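Structure record follows, encoded as structure tokens.
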Amino acid sequence: MQSRRNFLAGATTVGALGLAPALSGCASTTRNAAGKGKVVIVGAGYGGSTAAKYIRDWSGNTIEVTVVEPGDDFVSCPVSNLVIAGAKSMQDITTSYDALRGRHGVTWIKSMVESIDPAARTVKLANGDSLKYDKLVVSPGIDLMYDTVKGLKAANESGKILISMKAGPETVALRKQIEAMPDGGVFALTVPKAPYRCPPGPYERASLVAAYFKKHKPKSKVIIFDANDKVQSKEPLFKKAWAEMYGGMVEYVPDHNVVGVNTQTMEAEFEVDAPVKADVLNIIPMQRAGVIAQRTGLSNMNGRWCAVDYRTFESTVHKDIHVLGDSIQISPLMPKSGHMANQQAKVAAAAIVSMLYDQPINPSPVVMNTCYSMVSFHQAIHVATVHQYSEKDKTFLTVPGSGGISAGLSDVEAHYAEAWATNIWRDTLS
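Residue -6 is where the sequence shown starts when you use this note's numbering, and the numbers rise one by one after that.
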């Protein structure tokens, strides 16, 4: 148990402090130096916010950082499934940007980015203003591929069928749909073909909705239709939870790719078998890099994801543009997760400071990921991985013997999960 606590304590600091030696040369020479460069950051999620903080910190506040973000506050996707299940509120997963703005001297612009001109090194905002940059960090999250599911866009816009892959109004709306369900109703959730945001997220959601049903609507049912051939993360543990905790309430159906929805009959249509009717349909479509990444031509992998140099997270398409988080083409076994975006941001921040000060970059950065999933209101499971850059393979590879998965369902890990959230929000935003 003690070693697990130590791992948690180090989960956020290793990514930061582990890079410090590579920066020691520039850190010692730039504390009193004049400003050296302007960095613009698009998006203030786990990736963008972390990058803003650490570029300022590791440059001794000598590099100007401007963040462009339309949201009023940081709202965490991790932990949002507990809001959907009624165990937490939106306030519990919402953090002000005030500390990040004020404590680190980050210039903040509440706006959307309309376009990026890589040649001129300018960012055009929705209001027509332009920003110049020496380095640009793009962390735009995901774009939902509505067109892969016939009728989904209209159904989602009407509010009848929700997706809730970004924490916010749809999180609350989905909660209300579940509350309004009759006892004996069906909640059907679809999982898209991997890769997608947060591999265990849909399975955690199904588990927590089942936990709510078990207490409040015991005749109801959860059905998971997965386009993949198996559960994409922590499969034995999720299946153990469904069998032991929710016997007969959760049904898992693999190899079922959703292709259409009908709001009149509240049915989901699949490539195989007949349509399935449900009281609440939670349809999660395929995903790709955020819209601004597409507009800028950064999504050069299968038209969906952004290829990067993993030592710096600089785009392979446009020099001086660094891409973070769920929009990138991931390395083997690297999940699209909040924790990983935080880690990627630290690698990029270190590289950006070094590059702007003509210092060598870290040739073999290390990142780690810890992902907790609640399987009930009081029990959780986890998976952890460590990845190191391989010069030979030009990508991150998992470190042999590192990481691991929970031995079983655990009350203690539920406390660790809450501590993880508190620590990473503090690391990212304070």
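Even glycine gets a Cβ: it sits at the ideal position worked out from N, Cα and C. Just so you know, these numbers come straight off a predicted model, no measurement behind them.
Q) Are S399 and L230 closer than 8 Å when you measure CB to CB? A) Yes. Within cutoff.
Q: Determine the DSSP secondary structure at F180, reduced to helix, strand or coil.
A: Taken through DSSP and simplified to helix, strand or coil, F180 comes out as strand.
Q: Go through the region 170 to 227 residue by residue and report every complete run of the beta strand (DSSP E) that reaches 3 residues or more, in order.
A: Listed in chain order, they are 179 to 184 and 214 to 219.
Q | Those runs of the beta strand (DSSP E) which lie wholly inside the region 359 to 412 and span at least 3 residues | A | Runs of the beta strand (DSSP E) inside the region 359 to 412: 359 to 367, 373 to 383 and 388 to 391.
Q | Residues that DSSP places opposite V273 in a beta bridge | A | Per DSSP, F180.
Q.
Taking only three categories from DSSP, how would you classify Q280?
A. The three-state reading of DSSP puts Q280 in strand, counting E and B together.
**Q.** Counterpart residues of N255 in DSSP-defined beta bridges
**A.** According to DSSP, which records beta bridges pairwise, N255 is partnered with E260.
Q) Is T164 helix, strand or coil by DSSP? A) Three-state DSSP puts T164 in a helix.
Q) Do E262 and V246 have their C-beta atoms closer together than 8 Å? A) Against a cut-off of 8 Å, the Cβ pair of V246 and E262 comes out as no contact.
Q. So which of M348, E406, G95 and M174 has the shortest CA-CA distance to K29?
A. Ranked by Cα distance from K29, the options M348, E406, G95 and M174 are led by M348.
Q) M348 by DSSP, collapsed to three states: which one? A) Note: M348 maps to helix in three-state DSSP.
Q) Roughly how many whole angstroms lie between the Cα atoms of N54 and A343? A) Straight-line spacing of the CA atoms in N54 and A343 works out to 13 Å.
Q. Assuming I276 and I156 make a contact with CB atoms under 8 Å, what is their CB distance in whole Å?
A. A Cβ-Cβ separation of about 6 Å places I276 in contact with I156 under the 8 Å criterion.
**Q.** Beta-carbon proximity check, N335 vs Y39, cutoff 8 Å
**A.** Yes, these two residues count as a Cβ contact at 8 Å.
Q. In chain order, what residues of the same chain have a beta carbon less than 6 Å from the beta carbon of H408, not counting five sequence neighbours either side?
A. Cβ within range, chain order: n/a, list empty.
Q | Inter-residue Cα distance where the pair is H371 and V33 | A | Distance between the alpha carbons of H371 and V33: 41 Å.
Q) How would you label T183, buried or exposed, when you count the other beta carbons within 10 angstroms and need 16 or more for buried? A) Answer is buried; the Cβ neighbour count reaches 16.
Q: Below 7 Å CB to CB, which residues in the same chain sit around P188 once its five sequence neighbours on both sides are set aside?
A: Contacts found: I323 and K329.
Q | Buried versus exposed call for H380 [16 or more other C-beta atoms within 10 Å across all chains shown] | A | Taking every protein chain shown into account, the CB of H380 has 16 or more other CB atoms within 10 angstroms, so this residue is buried.
Q) If you check the beta carbons only, do M77 and L201 fall under 8 Å apart? A) Residue 77 is actually Ile in this sequence, not Met. Less than 8 Å separates the beta-carbon of I77 from that of L201.
Q.
Assuming S132 and R288 are in contact, meaning their beta carbons sit under 8 Å apart, how far apart are those beta carbons, in whole angstroms?
A. The pair is not a contact, with the Cβ atoms about 15 Å apart (cut-off 8 Å).
Q.
I need the DSSP call for E150, collapsed to helix, strand or coil.
A. Looking at E150 - three-state DSSP - the assignment turns out to be helix.
**Q.** Straight-line gap, I354 to K128 (C-alpha atoms, nearest Å)
**A.** Using only the alpha carbons, I get a separation of about 15 Å.
Q) Count the other CB atoms within 10 Å of the CB of L326; is the residue buried (16 or more) or exposed (fewer)? A) Result: exposed.
(Q) With distance defined between alpha-carbon atoms, name the residue in N255, S104 and C364 nearest to D272. (A) Considering only alpha carbons, the answer is N255.
Q: Please classify S423: does DSSP put it in a helix, a strand, or coil?
A: S423: coil per DSSP, three-state reduction.
Q.
Give me the DSSP bridge partner(s) of V116.
A. Paired residues: I109 and L124.
Q) Is I143 helix, strand or coil by DSSP? A) The sequence given here has Lys at residue 143, not Ile. Strand.
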